[in-house]
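K.L.:
Take this structure first; my questions come after.
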C-alpha cells in the first residue's frame, strides 16, 4: 500500500461552501444558546416551584432530554413530530427546536445547582425587605445564579457548538454537511474532514479558555 499524499488544494478550491456551512453552524449555535440561557432559567424555576404539576413537567422534560442522545432527539423531532402532530417547519427551525430544548434541559440543571448555592441569608434579607417573589427572582436570585453558573453555561455552549454537527444527518447545510458533501464529490475525505475538525477545534478552544478564566475569577471572588 502506497504512502498517502496530502492535497489541501481541494480545501482552497472549495472554501466558500465550507464557510457557508460554518455560517449556518454559528447561527444554530447562537440562536440555541440564547434559547438555552432563557429557557433553562425558566425550567429551573419550574423545577423549584411549589406547584407539583409544574415541577413534575419540568423534571420530566429535563430527564427526557438529558437521558437520550441528541442525535435521537433531532431525528425524532424532524421525522416524528410532523407525522404525529402535523407540525412541520423549515428544517433549520426544526433543528433549532431540537437543539434548543436539549441545551435548555442541561442549562436548567446548571441554574438549579447555582441557585442552591446561594446563601440562605440572602433569601432572609429579601423577606426582611419585603420583596415580592418576582422582584426577589429578578434582582437577587437571577444575577447570582447567572454568575455562579457561567462556567457550566459556557461549557454547555461548547457542547452545543459540537452537537450542531448532528443536524447534517437531516440534510441541513451546516459545516459538517458541507464537509460530507465535498468529501463525496472530491474523493478527498481525509483532507476535508481534517479541515472540518480543525475548524471546530479552533472555535472551541477560545471558549474553553474563557471557561477557565471565569472559573478562576469566580473562585477568587468567593475566596
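In full-length UniProt numbering, the protein residues as written are 1 to 223. Ideal Cβ placement from N, Cα and C applies to all residues, glycine included. Nothing here was measured: the structure is a model prediction, and the numbers come from that model.
Could you check how far apart the C-beta atoms of residue 107 and residue 142 are, in whole angstroms? I think they sit under 8 angstroms.
P.N.:
At roughly 13 angstroms, the Cβ-Cβ gap does not stay under 8 angstroms, so residue 107 and residue 142 are not in contact.
K.L.:
Would you mind giving the Cβ-Cβ distance between residue 26 and residue 96, rounded to the nearest angstrom? I have them listed as a contact below 8 angstroms.
P.N.:
Actually they do not touch by this definition, with Cβ atoms about 13 angstroms apart.
K.L.:
Please identify the residue among 85, 208, 39, 186 whose C-alpha is closest to the C-alpha of residue 15.
P.N.:
Nearest C-alpha to residue 15: 186.
K.L.:
I'd like to know whether the C-beta atoms of residue 101 and residue 65 end up nearer to each other than 8 angstroms.
P.N.:
Yes, Cβ-Cβ distance for residue 101 and residue 65 is below 8 angstroms.
K.L.:
Are the CB atoms of residue 145 and residue 123 within a distance shorter than 8 angstroms?
P.N.:
No, the pair does not count as a contact, with Cβ atoms beyond the cut-off.
K.L.:
Spatial neighbours of residue 178 within its chain, please: C-beta separation below 6 angstroms, excluding the five flanking residues on both sides.
P.N.:
Counting only Cβ-Cβ distances below 6 angstroms, and skipping sequence neighbours, we find 17, 18, 21.
K.L.:
Look at the alpha carbon of residue 104 and the alpha carbon of residue 53, and state the distance between them as a whole number of angstroms.
P.N.:
Straight-line Cα distance between these residues: approximately 19 angstroms.
K.L.:
Would you say residue 208 and residue 162 are within 8 angstroms of each other, going by their C-beta atoms?
P.N.:
No, the Cβ-Cβ distance between residue 208 and residue 162 is not below 8 angstroms.
K.L.:
Assuming contact is defined by CB atoms lying nearer than 8 angstroms, are residue 81 and residue 75 in contact in what I supplied?
P.N.:
No, the Cβ-Cβ distance between residue 81 and residue 75 is not below 8 angstroms.
K.L.:
Taking only three categories from DSSP, how would you classify residue 19?
P.N.:
Three-state result, residue 19: helix.
K.L.:
Classify residue 36 as buried or exposed, calling it buried when 16 or more other Cβ atoms lie within 10 Å of its own Cβ.
P.N.:
Buried, because 16 or more other Cβ atoms sit within 10 Å of the Cβ of residue 36.
K.L.:
Relative to the alpha-carbon of residue 72, which residue among 93, 170, 130 has its alpha-carbon at the smallest distance?
P.N.:
Of 93, 170, 130, the residue nearest in Cα terms is 170.
K.L.:
With a Cβ-Cβ cutoff of 8 angstroms, do residue 191 and residue 56 count as a contact?
P.N.:
No. Outside cutoff.
K.L.:
Could you tell me whether the Cβ of residue 166 comes closer than 8 angstroms to any Cβ of chain C?
P.N.:
Here chain C cannot be found, since the structure has a single protein chain.
K.L.:
Could you spell out the range, first to last residue, of the alpha helix (DSSP H) harbouring residue 66?
P.N.:
Its alpha helix (DSSP H) spans residues 52-66.
K.L.:
Between the Cα of residue 48 and the Cα atoms of 114, 24, 90, 197, which residue gives the shortest distance?
P.N.:
Answer by Cα proximity: 114.
K.L.:
Determine the DSSP secondary structure at residue 7, reduced to helix, strand or coil.
P.N.:
Three-state result, residue 7: coil.
K.L.:
Can you grab the Cα-Cα spacing for the pair residue 24 / residue 92, in whole Å?
P.N.:
Cα-Cα distance, rounded: 9 angstroms.
K.L.:
Assign residue 86 to one of three DSSP states: helix, strand, or coil.
P.N.:
It is coil, neither helix nor strand.
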